[in-house]
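For the numbering used here, add 211 to where a residue sits in the sequence shown, where the first one is 1.
Even glycine gets a Cβ: it sits at the ideal position worked out from N, Cα and C.
These figures come from a predicted structure and were not determined experimentally.
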Amino acid sequence: MSEGMVRKWVRMFNEGRENVHDEERSGSPSLITEELVLCIDEKVRSNRRFTISDLSMNFQNISLSLIHEIVTEHLHYKKLCSRWAPKILTKRKRMEAALEFLHRYATEGNGIWKRIVTGDETWICHETPGMKRQSLEWWNTGSPKPKKAKPPLSSKNKSCALCFGTVKGFC
212 MSEGMVRKWV RMFNEGRENV HDEERSGSPS LITEELVLCI DEKVRSNRRF TISDLSMNFQ
272 NISLSLIHEI VTEHLHYKKL CSRWAPKILT KRKRMEAALE FLHRYATEGN GIWKRIVTGD
332 ETWICHETPG MKRQSLEWWN TGSPKPKKAK PPLSSKNKSC ALCFGTVKGF C
């Protein structure tokens, strides 16, 4: 707060003001209503990849800056990029794989470790597979970060790196 503003507040309190809240002013009332905020929130939740311009098509009597203010300051949304995840497995698939492994460990014991060969592959792309800007979505500050599966790459300009390993080391 500036020194001038502090002086103004001190003067107003010395003149008898007792309330720190703003007094009602003349002029146009605020266009931001609870109903409008809820309506915009509903639109955002139905399509998180909207742009402010897209949203303004639904609310043509409201300016872009006011819509942006509602989305960012009243609803606390931010634009976030999705993070690449190699495979997005369902909880059921993960549980099935874990139970299968536990069953095999229960029947075979520690001997199972000698028979496990693990491997991984990664595609090395020589060009960027799309702009990050295309995957931006609006999310609240408390929401989990969005994820998306990597799209398949074309056979042009890519290489595949493979790695296999056992208990004794990598092959």
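Using 9 angstroms as the threshold, is the C-beta distance between residue i and residue j below it?
i, j, result
"C371", "I327", "no"
"K290", "W349", "yes"
"I299", "K356", "no"
"F375", "T333", "no"
"F270", "I243", "no"
"I263", "L249", "no"
Do you know how far the Cα of residue j is from the Cα of residue i?
i, j, result
"E234", "S241", "14 angstroms"
"G353", "I278", "21 angstroms"
"M306", "D331", "21 angstroms"
"S213", "H232", "18 angstroms"
"C292", "L286", "19 angstroms"
"K302", "T318", "24 angstroms"
"M223", "S239", "25 angstroms"
"L347", "K325", "45 angstroms"
Should residue i be labelled buried (16 or more other beta-carbon atoms within 10 Å of its own) or exposed?
i, result
"L266", "buried"
"I323", "exposed"
"Y288", "buried"
In this structure, does DSSP put residue i in helix, strand or coil?
i, result
"G320", "helix"
"I327", "coil"
"C186", "In the structure as shown, the chain begins at 212 and stops at 382. Residue 186 is therefore absent and cannot be evaluated."
"K302", "helix"
"F270", "coil"
"T244", "coil"
I'd like to know if the segment 273-282 and the segment 245-265 are in contact, where contact means that at least 3 CB-CB pairs between them fall below 8 angstroms.
yes
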